[in-house]
Amino acid sequence: MDRTARNESAFVDEARIHVRGGDGGAGSAAFRREAHVPKGGPAGGDGGKGGDVVLEADPALSTLLEYSYKRHYRAERGTHGKGGNRDGADGADLILRVPVGTVVRDEETGETIADLSQPGQRVVVARGGRGGRGNTHFVTPTRRAPTFAELGEPGEERWIALELKLLADAALVGLPSVGKSSIIARISAARPKIADYPFTTLVPNLGVVDAGESSFVVADVPGLIEGASQGAGLGHAFLRHIERSALILHVVDLSGGYEGRDPLADIAVIDRELSAHAAELAERPQVVVGNKLDLPGAAERSQRVEAWCREAGRPYFAISAATGEGIPEMLRDVASRVRRLRESAAERPDEAPAMFVYEPASERVVDVVRLGPGEFRVRGGRIERMVIMTDMANDEAVAYLQRRLQRAGVEEALRKAGAEPGDTVHIGPVSFEFEVPAQDASPGGEDDG
Ligand SMILES: Nc1nc2c(ncn2[C@@H]2O[C@H](COP(=O)(O)OP(=O)(O)OP(=O)(O)O)[C@@H](O)[C@H]2O)c(=O)[nH]1
Ligand SMILES: [Mg+2]
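Here the numbering used here is used: position 78 in the sequence shown is 312, and no number is missing along the way.
Next comes the structure, spelled out in C-alpha cells:
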C-alpha cells in the first residue's frame with residue numbers, strides 16, 4: 235500500500251491493542267456445615283470461568299480507527315466458588331468488532347491468528363481463565379477432606395496487531411490513464427500520484443469517502459490492460475484486489491482516451507478481463523463511470539455510453555474529475571448501493587465458519603532456561619498456569635502441584651538441562667528448590683486438568 239497516500243489520508247488501517255481474558259474465579263475449600271452435623275464433607279464450589287476476548291468481523295465497519303484511541307481491552311472475570319457447592323458465575327465475553335478483512339497477528343510470535351474475511355466470523359484472541367476447582371474435586375481415598383482448592387486461572391493476555399487488508403467497498407477499475415487516481419483524489423483524502431502516462435499507479439490506494447451519515451472505502455487500483463487476466467501489465471495481483479470489493483466502479487475515458495479509443499470498446503476490454511480472471515467478477519455489481527466530461531467531444535460520447543448502459547441494464551454516471559461535475563450525484567448512488575450490499579452481506583451470518591480459538595504454538599511447550607549457576611526458569615503457558623492456580627500457602631496444594639509438574643515432564647526437562655537437587659527453579663512468579671521426589675507414592679485418580 236502506498237505509504238504517502240495512507241499518511242495523508244487520515245485512513246487508519248493498522249492498530250496494536252492489548253487484550254486480556256477475564257480471570258477465572260477461585261474454587262472454594264469449604265466444608266458442609268449443618269446445625270446437627272459437627273463436621274460435614276467438602277462442599278466448595280468451583281470458580282466461574284473468565285470471559286474471552288473475541289474479535290468479530292462486522293460489515294458495518296470500514297476502519298480500525300477506534301482501536302487507535304483505546305488500546306487496552308479486558309473481559310469480565312468469573313466470580314469465586316462458595317460453600318454449599320455453589321459455583322461462581324462465568325464472566326461475560328468481550329466482543330470487539332472489526333471491519334471485514336482485518337488480519338490479526340500475535341505481536342510477540344508474529345503468528346497470524348486469523349484472517350477475518352467473512353462477515354460475522356469470530357476468533358477468540360485471549361481466552362478467559364478457567365475457574366479454580368473447589369475442594370470436592372480433590373477427594374481421594376486417602377484424602378477425604380482436602381483443605382485446598384484451586385485458585386482461578388488468570389486470563390490470557392497478549393498484544394495483537396490488527397491490519398486491515400485492502401478491502402474496499404468499491405474498486406475503481408479501468409484502463410490506464412482513464413482518471414481513476416484523479417477520482418479518488420477528488421472524493422477522498424487520498425493523494426495518489428496522477429500523471430498523463432499509463433501505469434502511473436503501481437500499488438493500490440485506499441480512500442475513505444465521507445457520504446453524509448455513512449462512509450465507505452474506495453480502492454484505486456493500477457490500470458488493467460488487455461491480457462491482464464493472463465498476467466499482462468500489472469496483471470493478476472490487482473485483479474485479486476478487485477475480487478475483495480463488493481462493487482466495481484468501472485471507469486471509462488470519454489475524451490477519446492489515449493490513442494483515440496472508443497469508450498464502448500474499452501468497456502468490452504475490461505469486461506473480458508474481469509470475467510477471464512474469475513467468472514463471478516463479471517456478475518459483480520457494477521456502476522459505469524464516464525470520466526473527463528469536460529474535454530471536447532466527451533458529451534457526445536457520453537450519450538452513446540449512456541444509451542448502451544441503459545440497454546445493458548447498467549447504472550451510468552458521467553463526471554469530470556477535473557471540474558467535479560456529476561460527482562455528487564454519482565457518490566449518492568454509490569453510497570446507497572454500498573449500504574445495500576453491506577446489509578445483504580450481514581444477512582448471511584450462517585455462512586461464517588465456526589468460532590476459532592487461538593492457541594499459540596508455545597502454549598504446550600515446556601522450555602527450561604538456565605539463568606546462571608544453580609538457577610533455572612521453566613516456561614510454558616500450561617505449566618505456568620498450573621503454578622499460578624496453586625495456593626502456595628497450603629502444603630497439600632503444593633504437594634499436589636509437584637505431582638502435576640512431574641507428570642507434565644518438568645522434572646525430566648530440568649534434569650536434562652543440568653539441574654541438581656538444591657538448585658533454584660522459577661516458574662511464573664514462584665520459586666522452588668529443585669528436589670527429586672521420593673518414588674511417586676501419590677494416590678492415583680487425579681485429573682491433570
Ligand atoms: N481534462 C481532464 N483530465 C483528467 C480528468 N481526470 C483525469 N485526467 C487526467 O488524466 C490523466 C490520467 O489520470 P490518472 O488519474 O492518473 O489516471 P489513472 O486511471 O489513475 O491511470 P493509471 O494509474 O495509469 O491506471 C492525468 O493527466 C489527469 O490529469 C478529467 O476529468 N478531465
Ligand atoms: Mg492511477
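Here a beta-carbon is modelled for each residue, glycine too, at the ideal position from N, C-alpha and C.
1) For a quick check, are the C-beta atoms of Leu406 and Val455 less than 8 Å apart?
2) Starting from the C-beta of Ile267, find all residues in its chain whose C-beta is less than 7 Å away, skip the five residues before and the five after it, and write them out in chain order.
3) Which runs of the beta strand (DSSP E) fall wholly inside the region 250-314 and span at least 3 residues, in chain order?
4) For ligand 2, is there a heavy atom less than 7 Å away from the beta-carbon of Pro426?
5) Which two residues bound the contiguous alpha helix (DSSP H) that contains Leu330?
6) For Arg641, count neighbouring C-beta atoms within 10 Å of its own C-beta (all shown protein chains included) and say buried if the count is 16 or more, exposed if not.
7) Helix, strand or coil: which one does DSSP assign to Lys316?
8) I'd like the span of the beta strand (DSSP E) that includes Gly441, first residue to last.
9) Under a three-way DSSP split, which group does Thr370 fall into?
10) Quick one: measure Cβ to Cβ for Arg311 and Asp257, integer angstroms, because I've assumed they're closer than 8 Å.
11) At a cut of 8 Å, does the region 533-548 reach the region 568-579 through at least three beta carbon pairs?
12) In whole angstroms, what separates the C-alpha of Phe382 from that of Tyr301?
13) Using 8 Å as the cut-off, can you tell me whether the region 373-381 makes contact with the region 626-636, which would need three or more C-beta pairs spanning the two stretches below that distance?
14) Assuming Glu645 is part of the alpha helix (DSSP H), what are its boundary residues?
15) Less than 8 Å between CB atoms is the rule here; does Phe668 satisfy it with respect to chain C?
16) Once you ignore the five residues that flank Asp340 on each side, which residues in its own chain have a CB closer than 7 Å to its CB?
17) Return yes when the C-beta of Gly281 is under 7 Å from any heavy atom of ligand 1, and no when it is not.
18) Quick one: which unbroken beta strand (DSSP E) runs of 3-plus residues sit fully inside the region 343-407? Chain order, please.
19) By DSSP, does Ser448 sit in helix, in strand, or in coil?
20) Could you tell me which residues DSSP puts in a beta bridge with Ala552?
21) May I have the straight-line CA-CA distance separating Arg638 from Arg367, to the nearest angstrom?
22) Tell me the rounded alpha-carbon separation between Val602 and Ser665.
23) Which residues does DSSP list as the beta-bridge partners of Ala453?
24) May I ask you to check if the CB of Asn525 is nearer than 7 Å to at least one heavy atom of ligand 1?
25) Taking the alpha-carbon of Glu397 as reference, which of Arg548, Asp247, Arg611 and Lys650 has the nearest alpha-carbon?
26) I'd like the list of long-range same chain contacts for Asp657, defined as Cβ closer than 6 Å, with 5 residues on each side in sequence excluded.
27) Looking at Ala480 and Pro519, is the spacing between their C-beta atoms short of 8 Å?
28) Answer yes or no: the CB of Ala462 versus the heavy atoms of ligand 4, is any distance below 7 Å?
29) With DSSP collapsed to three states, give me the class of Leu488.
30) Report the three-state DSSP secondary structure of Val568 (helix, strand or coil).
31) Have a look at Asp505 and Asp403 and give me their C-alpha separation to the nearest angstrom.
32) Check whether the Cβ of Thr343 sits closer than 7 Å to any heavy atom of ligand 2, and report yes or no.
33) According to DSSP, is Gly494 helix, strand or coil?
34) At a cut-off of 7 Å, is Asp340 close to ligand 2 when judged by its beta-carbon and the heavy atoms of the ligand?
35) Find out if the Cβ-Cβ distance for the pair Gly281, Gly317 is shorter than 8 Å.
36) Enumerate in chain order the residues of its own chain whose CB-to-CB distance from Arg308 is below 6 Å, with the five nearest sequence positions on each side excluded.
To lay it out plainly:
1) yes
2) Just to set this straight, residue 267 is Arg in the shown sequence, not Ile. Only Gly274 meet the Cβ criterion.
3) Runs of the beta strand (DSSP E) inside the region 250-314: 287-292 and 306-308.
4) yes
5) Careful: Leu330 lies outside any alpha helix (DSSP H), inside the beta strand (DSSP E) at Leu328 to Pro333.
6) exposed
7) strand
8) Asn439 to Ala445
9) helix
10) 5 Å
11) no
12) 42 Å
13) yes
14) Glu645 -> alpha helix (DSSP H) spans Val644 to Lys650.
15) Structure shown: chain C not included; a single protein chain is present.
16) Ile347, Arg392, Ile394 and Pro594
17) no
18) 346-350, 356-360, 391-398 and 404-407
19) strand
20) Gly524
21) 15 Å
22) Rounded to the nearest angstrom, the gap between the Cα atoms of Val602 and Ser665 is 14 Å.
23) For Ala453, the pairing in a beta bridge is given by DSSP as Ala405 and Leu440.
24) yes
25) Nearest Cα to Glu397 within the set Arg548, Asp247, Arg611 and Lys650: Asp247.
26) Gly608 and Phe668
27) yes
28) Within the structure as shown, ligand 4 is missing, the only ligands being ligand 1 and ligand 2.
29) coil
30) Correct three-state label for Val568: helix.
31) 19 Å
32) no
33) coil
34) For ligand 2, not one heavy atom lies less than 7 Å from the Cβ of Asp340.
35) Annotated as distal: Gly281 and Gly317, with beta-carbon spacing of 8 Å or more.
36) Arg254
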